[in-house]
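Colleague:
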Amino acid sequence: MLPKAYEPQAVEPGIYEFWESNRLFKPEVNGGSESRFSIVIPPPNVTGTLHMGHALDNTIQDIIIRWHRMLGHKTLWMPGTDHAGIATQSVVERNLKAKGQTKYDLGREKFLEAVWDWANQCMGGITGQLRRLGVSPDWERQRFTLDEGCSLAVRTAFKHLYDKGLIYRGEYIVNWDPVTQSAISDIETEYEDEDSFLWEIAYPVAGGGERLVVATTRPETMYGDVAVAVNPDDPRYRHLIGKAVELPLTGKQIPVIGDEYVDTAFGTGALKITPAHDPNDFKIGLKHNLEAVIVIDEKGAIKNLDFIPEAVRGLDRFDARQKTEALLESEGYLVRKLEHRHRVGRAQRSGAVIEPLLSKQWFVNTKPLADQALKALDRGEIRFIPERWTKDYLRWMTNIQDWCISRQLWWGHQIPAWHCGDCGEITVEIEAPEKCAHCGSGQVRQDPDVLDTWFSSGLWPFSTMGWPNTEASDFRDFYPTDVLVTGFDIIFFWVARMTMFGHEMTGKSPFHTVYIHGLIRDEKGQKMSKSKGNTVDPVETIEKYGCDGFRYALTSLITYGGQDIKLAIDKIELGKLFANKIWNAARFTLMNIEDVDDQPIDTANLSRMDRWILSRYNTAVREANAMMADYKFGELANMLYEFIWNGFCDWYVEYAKKQLKEPEQAANTKRILLHVLSGILRLIHPIMPFISEEIWQKLPHRQDMSVSIAPYPQADEGLIDDTINQQVDFVLEMVRAIRSVRQQYNVPHQTAVCVTIEVPEPAEREAVVAGDEILNHFVKLEKIDILEKLNGKPAQAAANVVGHSRILVPLEGIIDVEQELDRLGKKMTGLKSEQEQLYKMMSNFEFLERAPQDVVEKNKSRLNEVNKQIKIIEEQLASLAG
RNA sequence: GGGCGUUUAGCUCAGUUGGUAGAGCGCCUGCCUUACAAGCAGGUGGCCGGUGGUUCGAGUCCGCCAACGCCCACCA
């Protein structure tokens, strides 16, 4: 006998172990299948911990994967982790710092060993947490972005792109993070408005008392100024173009140049040009052939250069800003300091203010790659769900900028480029070359930089499948993959890179569908973040509520439009209750079908409730498959909840109690209970894998060792019966109406009552007459009179209406006239307003003319019903008054 | 400056070919009915952000406005 309440914590770990040890997540469990289906996991950071975003993302993937596996497809979910360059290296550096060491103390080799140790130590953490989430990737295929195969893929791709001229090395302004001391890409920087100042500084014009006032948000960069630009159409300054101004505090002379870029309306209309520390100035500098003077070093400190005031040299850029301001003020160059709000770029990872810095880096020329991906989008080879993300993807791809891929880190894929010590040329090879390809010198040294983490992530859908070996069996069987599931925040970082690389390296889109889900927010709608301290730990939540309840909650909150999800604790609570409900429905069923035979359901011998539940069940099956195919997971979860709880439990199981006592029905009822329960377990399994498995193991006559490989139910259309549905639903509505009356007068549920039902409509009468046993069972009737027409009026009866029918419950002596008048009066008000609206429509000539016939008919019959109900209530009110 | 999303019952949210509103929680009432009190039954609760339009008919389509949120953009 099953325990009274479902205890997820007690069963979940054992079940996971059962799946894994039986290797049920391997595609080979459906070995003979022609159909293939594959997903690659968005590899979580190897040193990371599972957060709500992962939980949602992986639950969705697991639902899709489990469904396909149960459909019998050869299904692969490729798992793995990401080495996450900056994130991982920073952690190890921080740990070293706690010991008073830096990476330089260890040296590159020893440091990398330390990072590997750390990564290996962490590897089980995140994958263990994924297991706790119940997901079903093929762990035996687990990959790592820095493993041998992925590394080979990275070097191969790099060489391919380099040879094609799509990777180049050059000196440009990059986003420099002074904390990690590395370049980062454009999309790794985030801009936010911050309060600051606009400094106006006077640059004396050479040879005369005139002063040219520039406006800047970054006075500390002035030492790197090489010119002042004004708009050539600006009458205030036009005459100064070609002249020189003095760069305050330095004794330097710099030219005034004319450039249309300068906005005459902003600031003073004069722009200081610092090519080495501002991307726009860099462009202007190139255009005017200006030298770039680097005055801030990689740590963000002012360089030790002789033209810079001694007091400023070596200062951090923000201290230098203050010091410079002070110097300018004391020497009379500072004109004004205005409050100014402007956008400040910060490194996504470290939070440091980005220093635009001129430096030599590796870049991917992305335009040609993006073009291929865009063409594929045009051809419809890839689609986004929800569709609106297509536009974002398209816009970004269309305006794509070259991608800075080199990072001044040690942890990652070291760039497979070797510099020649003799001729200075670069040799790019997949394996380390012995000599320079250009001059044959043996003095070759590998480029010290590593690649952006997203470079290897971009190859993930095929590097994990064995590429560059295009004969690898996984590559042949499972590439391209089918669907990619992720959050919108990494469409540019990852999805775009995968499509670009996919087309370039394999000639194919790496997936045909990109399913984008919303962000998980806290119950107030705030973004969850460690710094805000509002994160909810999925693993803790699972421990507390059970994995299935949690997964149900997440799934039921997913919307068709992919909106962000506010994770309300109520919903998780509900998921837990739902699991318990399933548990108890199973408990009841199993208790009562111990001796069930293994014969098929005798469809020639079905009660009306039998036919009803089989019809509803098959409808649910049909819808479940359709919703799965359409990625409508929220609707799926809610539909199954409704069917299981309100359909199966509330009505069929209750009615089965009666049928089980009747010898001629018991055997078939047991078969039906088992059939529907087995179906429910399979239907719900992709969402709630543990409880469905736990119960599955206890089912009599089951064919499959695990529900995870049992066939997903397919609808038996022959059992879907709209007539029986409507008729039984009508009777159940009547049950509710009678219960309502009973409740109104506090009739104890054990007390049987007499009911008189007036059913003038033939169709309704047919339903009620055929369903009187149902009525009887659900409302404990002492006596039921079903009449076509009431003869006389029963005194002291409480009344209700359903359809065209009148329900009378004679409750002699108990009737409270006041209460009854009030109750019927309320009902009347509602009916009257509905009647009024219906009349209005039915008397509207244009409505009758233009509305579709079925709508007119529907209105007509509803009006009929409303009129009848009003009449009945009027009669009852009259009888009460009399 | 562009673009996107959200605005429906006290709360969290469904509502996809336009036919006048649903769920869960909460609240109120009655029940320990032999699967489940983590439950059962009954009930209360909404001019669907505002405004104009298309239509016989709009939560649902279109325009404008408002609030909140997000993304993108080199104005120093």
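Going by the working numbering, the letters in the first sequence line up with residues 454 to 1335, in that order.
Ideal Cβ positions, reconstructed from N, Cα and C, are used throughout, including at glycine.
Considering Phe735, what are the terminal residues of the beta strand (DSSP E) in which it resides?
Modeller: Looking at the DSSP string, Phe735 is not in any beta strand (DSSP E); the run it does join, the alpha helix (DSSP H), is 732-740.
Colleague: Excluding sequence positions up to five away, which residues of its chain have a Cβ less than 7 Å from the Cβ of Met1339?
Modeller: Outside the displayed span of the chain (454 to 1335) sits residue 1339, for which this structure offers no information.
Colleague: So, for Ser803: in the same chain, excluding its five sequence neighbours on each side, which residues have a beta-carbon less than 6 Å away from its beta-carbon?
Modeller: Excluding positions up to five away in sequence, the list reads Asp630, Val632, Thr633.
Colleague: Whole-angstrom Cβ separation of Phe954 and Gly919, contact assumed at under 8 Å?
Modeller: About 16 Å; that fails the 8 Å criterion.
Colleague: Report back the beta-carbon spacing between Leu693 and Val658 to the nearest angstrom; my notes put them in contact at under 8 Å.
Modeller: Indeed, because the Cβ distance is near 6 Å, the residues count as touching under 8 Å.
Colleague: Return helix, strand or coil for Val709, following the three-state DSSP convention.
Modeller: The answer is strand: DSSP assigns Val709 an E or B state.
Colleague: Relative to the C-alpha of Thr502, which candidate in Pro495, Leu1043, Gly578 has its C-alpha closest?
Modeller: The candidate whose alpha carbon is nearest that of Thr502 is Gly578.
Colleague: Okay, do the segment 830-850 and the segment 613-631 touch, 3+ Cβ pairs below 8 Å being the bar?
Modeller: In short, these stretches do not touch, since the Cβ pair count stays below three.
Colleague: For Glu1095, tell me which candidate among Ile1066, Tyr1165, Leu743 has the shortest Cα-Cα distance.
Modeller: Of Ile1066, Tyr1165, Leu743, the residue nearest in Cα terms is Ile1066.
Colleague: Could you tell me whether the segment 1138-1153 touches the segment 1182-1194, where touching means 3 or more Cβ pairs closer than 8 Å?
Modeller: These segments do not touch.
Colleague: Helix, strand or coil for Asn818 per DSSP?
Modeller: It is coil, neither helix nor strand.
Colleague: Is Val568 buried or exposed, if buried means 16 or more other CB atoms sit within 10 Å of its CB?
Modeller: By the 10 Å Cβ count, Val568 comes out buried.
Colleague: Does the Cβ of Thr1204 have 16 or more other Cβ atoms within 10 Å, making it buried, or fewer, making it exposed?
Modeller: Exposed.
Colleague: So, for Asp1051: in the same chain, excluding its five sequence neighbours on each side, which residues have a beta-carbon less than 7 Å away from its beta-carbon?
Modeller: Here the set comprises His1154.
Colleague: Looking only at its chain, what residues have a beta carbon closer than 6 Å to the beta carbon of Ala1073, apart from the 5 residues adjacent to it on each side?
Modeller: Taken in chain order, the residues that qualify are Phe1096.
Colleague: Report, in whole angstroms, the separation of the C-beta atoms of Gly722 and Arg689, which I expect to be a contact under 8 Å.
Modeller: The Cβ separation is near 6 Å, so the contact holds.
Colleague: Got a sec, what are the start and stop residues for the alpha helix (DSSP H) Asp1023 sits in?
Modeller: Run containing Asp1023: 1022-1045, per the alpha helix (DSSP H) assignment.
Colleague: Please classify Tyr1108: does DSSP put it in a helix, a strand, or coil?
Modeller: DSSP places Tyr1108 in helix when its eight states are reduced to three.
Colleague: On the DSSP bridge assignment, give the partners of Met531 in chain order.
Modeller: Val493.
Colleague: Taking C-beta to C-beta, are Gln899 and Pro869 nearer than 9 Å?
Modeller: Their beta carbons are under 9 Å apart, which means Gln899 touches Pro869 by this criterion.
Colleague: Whole beta strand (DSSP E) runs in the segment 936-985 with 3 or more residues, listed along the chain?
Modeller: List check, beta strand (DSSP E) in window: 936-940, 966-970.
Colleague: Report the rounded CA-to-CA distance for Glu976 versus Gly986, giving the unit in angstroms.
Modeller: Taking the straight line joining both Cα atoms gives about 13 Å.
Colleague: If I measure Cβ to Cβ from Thr851 and keep anything under 8 Å in the same chain, skipping five residues before and after, which residues do I get?
Modeller: Only Ala823, Leu827 meet the Cβ criterion.
Colleague: What are the complete alpha helix (DSSP H) segments, minimum 4 residues, inside the segment 810-892?
Modeller: The qualifying runs are 820-831, 842-851.
Colleague: Give the straight-line distance between the Cα atoms of Lys980 and His970, rounded to the nearest whole angstrom.
Modeller: Going by the C-alpha atoms only, they are around 15 Å apart.
Colleague: Using alpha carbons as the reference points, say which of Ile1173, His507, Asn1078, Ile539 lies closest to Arg860.
Modeller: Answer by Cα proximity: Ile539.
Colleague: Which residues does DSSP list as the beta-bridge partners of Ala655?
Modeller: Paired residues: Val666.
Colleague: On a Cα-Cα basis, can you pick out the residue from Val1270, Arg1064, Ile973 that is closest to Trp1104?
Modeller: Considering only alpha carbons, the answer is Arg1064.
Colleague: Identify whether Arg799 lies in helix, strand or coil by the three-state DSSP scheme.
Modeller: Reduced to three states, the DSSP call for Arg799 is strand.
Colleague: If contact is defined by three or more beta carbon pairs under 8 Å, each pair taking one atom from either stretch, is the segment 482-501 in contact with the segment 517-529?
Modeller: Contact between the segment 517-529 and the segment 482-501 is present, because at least three Cβ pairs lie under 8 Å.
Colleague: Roughly how many angstroms separate the alpha carbons of Trp571 and Thr906, rounded to a whole number?
Modeller: If I take the Cα positions, the gap works out to 17 Å.
Colleague: Under the rule that 16 or more other beta-carbon atoms within 10 Å means buried, what is Gln867, buried or exposed?
Modeller: Buried, since its Cβ has 16 or more Cβ neighbours within 10 Å.
Colleague: Contact between the segment 1075-1089 and the segment 1038-1051 is defined here as three or more beta-carbon pairs at a separation below 8 Å; is this criterion met?
Modeller: Short answer: they don't touch.
Colleague: Quick one: is Lys1311 buried, meaning 16 or more other Cβ sit within 10 Å of its Cβ, or exposed?
Modeller: When all chains shown are included, Lys1311 counts as exposed.
Colleague: Give a yes or no on whether the C-beta atoms belonging to Val715 and Ala682 are separated by under 9 Å.
Modeller: Their beta carbons are under 9 Å apart, which means Val715 touches Ala682 by this criterion.
Colleague: By how many angstroms is the C-alpha of Thr923 removed from the C-alpha of His613?
Modeller: The alpha-carbon atoms of His613 and Thr923 are separated by roughly 15 Å.
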